[in-house]
Amino acid sequence: MTDARATALEDLRSTLTGTLVLPGEPEYDAARSPWNLGVDQRPAAVATPADVADVQAILATARATGLGVTTQPNGHGATDALEGVLLVRPSAFDEITVDVEGRTLRVGAGVNWGAALQALDGTGLIGLAGSNPEVNVVGLALNGGHSMFSRLHGLTARSIVAVELVDASGEVRRVTDADDAELAWALRGGGGLFGVVTAIELELFEADVLFGGGLVFPSESAVPVISAAFALARDVPELGLDVGMMQFPDLPVMPPHLRGRVVASVGLVHVGDEASGRALAERLLAVAEPIANSLTAFTIGSLAAVAAEPTDPMPTADFGASIGSDDDGFAAAFVEGFLAGAAHGLTRAGLRAMGGATAEELGSELSAVGAVHAPLLLNAGVLLMGPAVDPVVALQPLRDLDARYGVAGGVPTMLGPGPLSLAYPPEVLERLAAVKQRVDPSGVIRSNRAITG
Ligand SMILES: Cc1cc2nc3c(=O)[nH]c(=O)nc-3n(C[C@H](O)[C@H](O)[C@H](O)COP(=O)(O)OP(=O)(O)OC[C@H]3O[C@@H](n4cnc5c(N)ncnc54)[C@H](O)[C@@H]3O)c2cc1C
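For the sequence shown, the working numbering gives the first residue as 437, with consecutive numbering after it.
In structure tokens:
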């Protein structure tokens, strides 16, 4: 680091109400570490602003020194491109306000979905949360966001009502369709390229009763169960449905019925009562006997228990693709591909059912993330357990599957690492680039996803 930069960062530290941690300091390793421990990111400094004035000071220092600024609440979507970047942790922005009458949720940029959903318990309202409670509300919404409620109400980005941010010039803005329709369009799916977001407001939806959970089946039943789940998804387009294969480690901490096994799973979320939900699930239970069944009536604050995903930081290599087929042939090829990858350490592969409201054009003129026409989104991960696991080899069968069945377009949050061009057509990328040029011509704000790569 040059002397001028080092001095500027020391000056910044002395002006902040929040904190700044620099390389070489004892707190640096913990501060720079993302949720995905497989990514070794080394930013020029890690700032935890206490308020909007701190964010303005951080951006002023970045502009003066040529550093970039990336906001990373958790690092679920971390990449290793943080050299020359001032990393912003927005944890101090922890407001959660539910407007029951106006049906909106307002949260600060440090709030994760688990906390936001707990605030909705008892209101009769739901937000378009992802499956993991530790994923950040702003991070999911700006990047598209797929929810188990998306087939009923659309992708999360489309539920954005307002975004409060500090732009690259340091101006504090509240962006709505009325204020700046083009920037609002870009924020609905264009990711963290347009400013440091400090708060977001999202539309909420009515849902008095919820039913759902997970079913786990032995791998021998995987093909018929997955085929039946695809058919259920086609027949009931508002049902939230997630189909997957998983390989559990052969470790004593695992429950005996799962230890060392490869299993198929179906996650299901139904906005409706238990009786109607159980009738839908019966179509899967009629195919095979599950080895675990957590289906139950639940409240929105417990949504995370439905997916029961691990929440602790871990080293993973991820891959995602949009899949153009949901027939029985694809179900068989998916299971075959997973088993081939599992032999080399592939840990999990999930398929989110699309269709329903995710495929509707309605409202797409307001949002960079448009209607998605793929019936399934594939998302897979390899737990990097030592040098014996090569993620390139473990993920190859799924890349082959993508080559055979993949289609263009998708949702950035579900596509693994890579630029927005993986998800969007050229005309959307050009429009995003034009907005970026207008609001941040010097490219101070860096996202985990560039527009093209
Ligand atoms: C276990 C797990 C489960 C997941 N489940 C789902 C799911 O169900 N549905 C789904 O759609 N996705 C899911 N994802 C993907 C996840 O939604 C994306 O990786 C998302 O971008 C993560 O947001 P984050 O803020 O937690 O991560 P981070 O890596 O901290 O942030 C991701 C990016 O968002 C931008 N950003 C975040 N906050 C701000 C801000 N305040 N201002 C400006 N830019 C900002 C930045 O560009 C940042 O690089 C999952 C990921 C994991 C690891």
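Note that CB positions come from ideal geometry on N, CA and C, so glycine has one too.
Would you report the Cα separation of residue i and residue j, rounded to the nearest angstrom?
i           : j           : result
residue 595 : residue 802 : 10 angstroms
residue 668 : residue 497 : 54 angstroms
residue 538 : residue 637 : 11 angstroms
residue 713 : residue 632 : 41 angstroms
residue 464 : residue 450 : 17 angstroms
residue 760 : residue 509 : 33 angstroms
residue 869 : residue 729 : 47 angstroms
residue 688 : residue 695 : 7 angstroms
residue 555 : residue 561 : 10 angstroms
residue 575 : residue 567 : 13 angstroms
residue 698 : residue 788 : 19 angstroms
residue 878 : residue 634 : 21 angstroms
residue 469 : residue 827 : 21 angstroms
residue 758 : residue 665 : 18 angstroms
residue 824 : residue 684 : 17 angstroms
residue 494 : residue 456 : 10 angstroms
residue 475 : residue 751 : 7 angstroms
residue 658 : residue 580 : 30 angstroms
residue 410 : residue 480 : The chain is shown only over 437 to 889; residue 410 falls outside these bounds and no answer can be derived.
residue 888 : residue 522 : 22 angstroms
residue 499 : residue 833 : 44 angstroms
residue 708 : residue 645 : 5 angstroms
Buried or exposed for residue i, going by 16 or more other Cβ atoms inside 10 Å?
i           : result
residue 628 : buried
residue 589 : buried
residue 798 : exposed
residue 840 : exposed
residue 693 : exposed
residue 671 : exposed
residue 754 : buried
residue 838 : buried
residue 515 : buried
residue 852 : buried
residue 652 : buried
residue 762 : buried
residue 490 : buried
residue 466 : exposed
Under three-state DSSP, which class holds residue i?
i           : result
residue 457 : strand
residue 800 : helix
residue 689 : coil
residue 554 : helix
residue 465 : helix
residue 570 : coil
residue 826 : coil
residue 477 : coil
residue 508 : coil
residue 619 : helix
residue 576 : helix
residue 755 : strand
residue 640 : coil
residue 906 : This structure gives no information on residue 906, because the portion of the chain shown stretches from 437 to 889.
residue 446 : helix
residue 666 : helix
residue 835 : helix
residue 524 : strand
residue 767 : helix
residue 537 : coil
residue 853 : coil
residue 588 : helix
residue 794 : helix
residue 772 : helix
residue 613 : helix
residue 605 : coil
residue 451 : helix
Relative to the C-alpha of residue i, which candidate in the options has its C-alpha closest?
i           : options               : result
residue 482 : 666, 806, 503 and 597 : 503
residue 842 : 824, 821 and 810      : 810
residue 662 : 585, 770, 641 and 867 : 770
residue 862 : 845, 584 and 876      : 845
residue 617 : 746, 777 and 867      : 867
residue 598 : 832, 626 and 615      : 615
residue 850 : 682, 719, 591 and 831 : 591
residue 766 : 679, 738 and 744      : 679
residue 792 : 577, 444, 585 and 512 : 585
residue 854 : 875, 720 and 885      : 885
residue 564 : 639, 570 and 724      : 639
residue 778 : 745, 557, 681 and 708 : 681
residue 804 : 577, 540 and 524      : 577
Shorter than 8 angstroms, the distance from the beta carbon of residue i to the closest heavy atom of ligand 3, or not?
i           : result
residue 568 : With respect to small molecules bound, the structure shown includes ligand 1 and not ligand 3.
What are the uninterrupted segments assigned as alpha helix (DSSP H) that are 4 or more residues long and contained completely in the region 858-888, given in chain order? 862-875
What beta strand (DSSP E) runs, 3 residues minimum, are completely inside the region 703-750? 732-734
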